[in-house]
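Chemist: Have a look at this one before I ask anything.
2 protein chains.
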Amino acid sequence: MPRKQATSSAPRPTIVDVARKAGVSLGTVSRVINEKESVRPQMRERVLEAARSLGYVPNFAAQSMRRQSTKVVGLMVSDVSNPLFASEVSATEEVLARSGYNMVLTNSRDRPETESAIITLFQRRRFDGMIVTLSREDDPTILKLLSSSTMAIVLLERECKLPLDTVATDHYSGSLQATRYLLDLGHRRIGLVTVTQAALPGRARGLAYAAAHKKAGVGVDPSLTSFDGFLPDAGYHAAYRMLVGPKPPTAIIAGANQMPGVLKAVRSLKISVPRRLSLITIGDTDVASLHQPPLTAVRWELQKVGAAAAE
Amino acid sequence: MPRKQATSSAPRPTIVDVARKAGVSLGTVSRVINEKESVRPQMRERVLEAARSLGYVPNFAAQSMRRQSTKVVGLMVSDVSNPLFASEVSATEEVLARSGYNMVLTNSRDRPETESAIITLFQRRRFDGMIVTLSREDDPTILKLLSSSTMAIVLLERECKLPLDTVATDHYSGSLQATRYLLDLGHRRIGLVTVTQAALPGRARGLAYAAAHKKAGVGVDPSLTSFDGFLPDAGYHAAYRMLVGPKPPTAIIAGANQMPGVLKAVRSLKISVPRRLSLITIGDTDVASLHQPPLTAVRWELQKVGAAAAE
DNA sequence: CCCTGTCAATGAAACGTTTCATTAGTCGCG
DNA sequence: CGCGACTAATGAAACGTTTCATTGACAGGG
């Protein structure tokens, strides 16, 4: 029978315990467990055996401290339970894990104060990098915070003045395509429900929507656009307002996160889809794919996020 | 004009820089920034000022090392992009953040080797606690790993032999209710599509399903139950198999994660819902709520997870 | 006026690693 | 046989904090 492990309350063995047990020096053990430099096979075996029998587990905090690298990247999104973010997060985690990084996930709830706090926290923790989604791209406090930081920063689905890397879906062409498609079908009153123009997705969609209309020589009715998507229940309210208005739209383009709210409004008003109203969602989700022929903006750049962050 | 920040490549100022600049000792600075022990207001102000002007940010790695506490908990789920997990994760993050903890998120993809690797990693990182979802509750390697660990462990939606805390939805009564409901409606051939019985949710649902049938004096057809939910596309395959079989079910109860697949099968077979087939989903998602009158198993214990982990 | 107790601040010793400059040992070669 | 070149292993000095045992100063009580 192999000897039993020390009882649970025993302090974790350190590298010096291993060194003592194997009768070698600290440095040697270090080189063995990092398997980099030359060490004689016989020694290596002895050390390994000692480590195993002691149940030695290297202490990452100590390593980070010495190496000045935590092998962690921070991720800040507004809300992970948002399915779109969830897949981005998941993909990012995967890529990072593959290169030996871990990911600390935080929800900002789109609150600027929380965002600042999180960014500072990331700095305290000395993460190797951070991937962030901002609620607004022009908040001076936050921009200053970011620019003063020394770590690698990647903006996710956002874009700003600072020379920062950005990874984003191609919102513009997705929306352009959707709007054109509806215009070609003869729709003349098209609703747009999305997020604030202070963030890339909303801005890109707004521009694409306008561009498509202009090209088709169709005027736009400002009452048919809503950029409140970050607010709770925004999809519902926006759609409801449009649909009960004097001249309701014949089609609505909605962000994936707003679509459930829009559908709720449509249902409560007992409007038949697609007979009286066409719906297109930007960004693929289960909701969309199970409902109508949806438009899906591909989401494969997600991999790029991880790659960029792993640089 | 305030003096500019040192150029980016300058090394981060440490606590000794602050001490020197303020003309006080290390210990004093430490006590100031931890704002615990007594220090004269005048000193405190001097130190704070020095810290501010230097742009000092405490180094968490060094703190963790000294304090033997990382203020991080590890979270391992099979896949964050799963909407159900996403909300649990989100709620957990919130609770943890409130107590000054951060959360490292990992995807196990339900692969036992990955699970082992992640658990070991958590130990290396010396996290203060971990919250894990296991693919099987009886894997000896993993159980040994968990039991040998000294950190706080909470099982999420899982339950095992070890004396570990568990936080889970009440799968049993949810499923019981659903099955009864259908039986009361006169259904006699009810399909069940869920995950493996080696994990709590699948097991509880299987038991509830059987119990309801027994109580109603209705026999169960084993070909109408599928416990493969962890496999990709399981919902689709299971439903397809049942529906094209000699004696197809008149109702199907499916886990929320399997439901999209089930719907896909139903649609591809052009079966009308709810005329020819009733569907009930266990666990609420957008998909469900937009489709039929769904059964929702409440998800508020999520808060408990965070609380338990924060102990 | 001296002793003792309290309050503030100091200095040094941890914490568990990595790394760098040394030392000891081995070998080939003139 | 002695010398330089190489390889393996050692020992000590970091890394940036917290904490603990001291020290100094000051006041109150006998």
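Taken in sequence, the protein lines are chains A and B. Once you know that position 181 of the first sequence is 180 in numbering that gives the first Met the number 0, the rest is easy, because the numbers rise by one and skip nothing. Once you know that position 118 of the second sequence is 117 in numbering that gives the first Met the number 0, the rest is easy, because the numbers rise by one and skip nothing. For every residue, glycine included, the Cβ atom is placed at its ideal position computed from N, Cα and C.
(1) As an exercise, report each continuous beta strand (DSSP E) stretch of at least 3 residues that is fully enclosed by the segment 199-276 of chain B, in chain order.
(2) Is there a C-beta anywhere in chain B that falls below 8 Å from the one on A:His241?
(3) What does A:Asn101 touch in chain B if you count any residue whose Cβ is under 8 Å from its own?
(4) Please state the DSSP three-state secondary structure of B:Leu184.
(5) CB B:Ser134 to CB B:Glu114, shorter than 8 Å?
(6) Once you ignore the five residues that flank A:Gly228 on each side, which residues in its own chain have a CB closer than 6 Å to its CB?
(7) Under 6 Å Cβ to Cβ from A:His170, same chain only, skipping five residues before and after it: list those, please.
(8) Express the C-alpha separation of A:Val28 and A:Ala49 in angstroms, rounding to a whole number.
(9) On the DSSP bridge list, what partners appear for B:Met75?
(10) What does A:Ser363 touch in chain B if you count any residue whose Cβ is under 8 Å from its own?
(11) Beta-carbon of B:Val79 versus every beta-carbon of chain A: anything under 8 Å?
(12) Return the residue from the list A:Gln41, A:Tyr100, A:Thr105, A:Leu184 that minimises the CA-CA distance to A:Ala215.
(13) Helix, strand or coil, according to DSSP, for B:Leu175 in the structure here?
(14) Identify the contact partners of B:Glu93 in chain A, using a Cβ-Cβ distance below 8 Å as the criterion.
(15) Mapping DSSP to helix, strand and coil, what is A:Lys197?
(16) Roughly how many angstroms separate the alpha carbons of A:Arg45 and A:Leu163, rounded to a whole number?
(17) Would you say A:Arg165 lies against chain B (beta-carbon separation less than 8 Å)?
(18) Taking its Cβ as the centre, do 16 or more other Cβ atoms sit within 10 Å of B:Gln122, making it buried, or is it exposed?
(19) Could you tell me the distance, in whole angstroms, from the CA atom of B:Pro10 to the CA atom of A:Met129?
(20) Determine the DSSP secondary structure at A:Val31, reduced to helix, strand or coil.
(21) Say whether chain B places a C-beta atom closer than 8 Å to the C-beta of A:Val17.
(22) Taking the DSSP output, what are the residues bridged to A:Leu154?
(23) Which of helix, strand or coil does DSSP assign to B:Val15?
(24) Is the beta carbon of A:Thr105 less than 8 Å from the beta carbon of B:Ala96?
(25) Give the single residue among A:Ser80, A:Asn33, A:Ala151, A:Ser52 whose Cα lies nearest to the Cα of A:Phe59.
(26) In whole angstroms, what separates the C-alpha of B:Pro259 from that of B:Asp232?
(27) Since I believe A:Thr178 is in contact with A:Ile252 (beta carbons under 8 Å), could you give me their beta-carbon distance rounded to a whole number of angstroms?
(28) By the DSSP assignment, the beta strand (DSSP E) with B:Val192 in it spans what residues?
(29) For the segment 192-205 of chain A, enumerate the residues whose C-beta is nearer than 9 Å to any C-beta of chain B, in chain order.
(30) Rounded to a whole number of angstroms, what is the C-alpha to C-alpha distance between A:Val265 and A:Val243?
(31) For A:Leu25, is the classification buried or exposed, using 16 other Cβ atoms within 10 angstroms of its Cβ as the cut-off for buried?
(32) Check whether the Cβ of B:Val56 lies closer than 8 Å to any Cβ atom in chain A.
(33) What's the C-alpha gap between A:Ala18 and A:Glu36?
(34) From the DSSP secondary-structure annotation, give me the bridge partner or partners of B:Thr280.
(35) With distances taken between CB atoms, is the gap from A:Ala198 to A:Leu175 smaller than 8 Å?
(36) Mapping the DSSP letters down to three states, classify A:Ser52 as helix, strand or coil.
Modeler: A quick look at the data gives this:
(1) Within the segment 199-276 of chain B, the runs of beta strand (DSSP E) that reach at least 3 residues and sit entirely inside it are, in chain order, 250-254.
(2) Checking the displayed sequence, the identity of residue 241 of chain A turns out to be Met instead of His. In terms of beta-carbon proximity, A:Met241 stays away from the interface with chain B, with every pair separated by 8 Å or more.
(3) Contact of A:Asn101 with chain B by beta-carbon distance below 8 Å involves Val103, Thr105, Leu120, Arg124.
(4) In the structure shown, the three-state DSSP call for B:Leu184 is coil.
(5) Between B:Ser134 and B:Glu114, the gap from beta carbon to beta carbon is short of 8 Å.
(6) Same-chain partners within the cutoff: Thr193, Val194, Gly254, Gln257.
(7) The beta carbon of A:His170 sits closer than 6 Å to those of Pro200, Ala203, Arg204, all from its chain and outside the five residues before and after it, given in chain order.
(8) For the pair A:Ala49 and A:Val28, the Cα-to-Cα distance works out to about 10 Å.
(9) B:Thr105, B:Val131, per the DSSP bridge assignment.
(10) The structure shown has nothing for residue 363 of chain A, since chain A only spans 0 to 310.
(11) Among the residues facing chain A, B:Val79 is included, as its CB has a counterpart in that chain under 8 Å away.
(12) Of A:Gln41, A:Tyr100, A:Thr105, A:Leu184, the residue nearest in Cα terms is A:Leu184.
(13) In the structure shown, B:Leu175 sits in a helix (DSSP, three-state: H, G or I).
(14) Correct list: Asn106.
(15) Checking the displayed sequence, the identity of residue 197 of chain A turns out to be Ala instead of Lys. It is coil, neither helix nor strand.
(16) The straight-line gap from Cα to Cα measures roughly 49 Å.
(17) Checking the sequence shown, residue 165 of chain A turns out to be Thr, not Arg. No - not a single Cβ of chain B is within 8 Å of the one on A:Thr165.
(18) Within a 10 Å sphere around the beta-carbon of B:Gln122 sit 16 or more other beta-carbons, which makes this residue buried.
(19) For B:Pro10 and A:Met129, the distance between alpha carbons rounds to 19 Å.
(20) Here A:Val31 sits in helix by DSSP.
(21) Not closer than 8 Å to any Cβ of chain B, the Cβ of A:Val17 fails to qualify, so no.
(22) When DSSP reads this structure, A:Leu154 sits in a beta bridge with A:Val131, A:Thr165.
(23) If DSSP states are grouped into helix, strand and coil, B:Val15 belongs with the helices.
(24) The answer is yes: Cβ separation under 8 Å.
(25) Considering only alpha carbons, the answer is A:Asn33.
(26) C-alpha separation (whole angstroms): 9 Å.
(27) Taking a contact as a CB-CB distance under 8 Å, the pair A:Ile252 and A:Thr178 counts as one, their CB atoms being some 7 Å apart.
(28) 189-192 is the span of the beta strand (DSSP E), which, as asked, contains B:Val192.
(29) Here the close residues number zero.
(30) As the crow flies, the alpha-carbon of A:Val265 is around 10 Å from that of A:Val243.
(31) Around the beta carbon of A:Leu25, a 10 Å sphere encloses fewer than 16 other beta carbons of the protein chains shown; the residue is thus reported as exposed.
(32) Taking Cβ atoms only, chain A reaches closer than 8 Å to B:Val56, which makes this a yes.
(33) Distance between the alpha carbons of A:Ala18 and A:Glu36: 17 Å.
(34) Assignment of beta-bridge partners to B:Thr280 by DSSP yields B:Ala253.
(35) No, the Cβ-Cβ distance between A:Ala198 and A:Leu175 is not below 8 Å.
(36) In the structure shown, A:Ser52 sits in a helix (DSSP, three-state: H, G or I).
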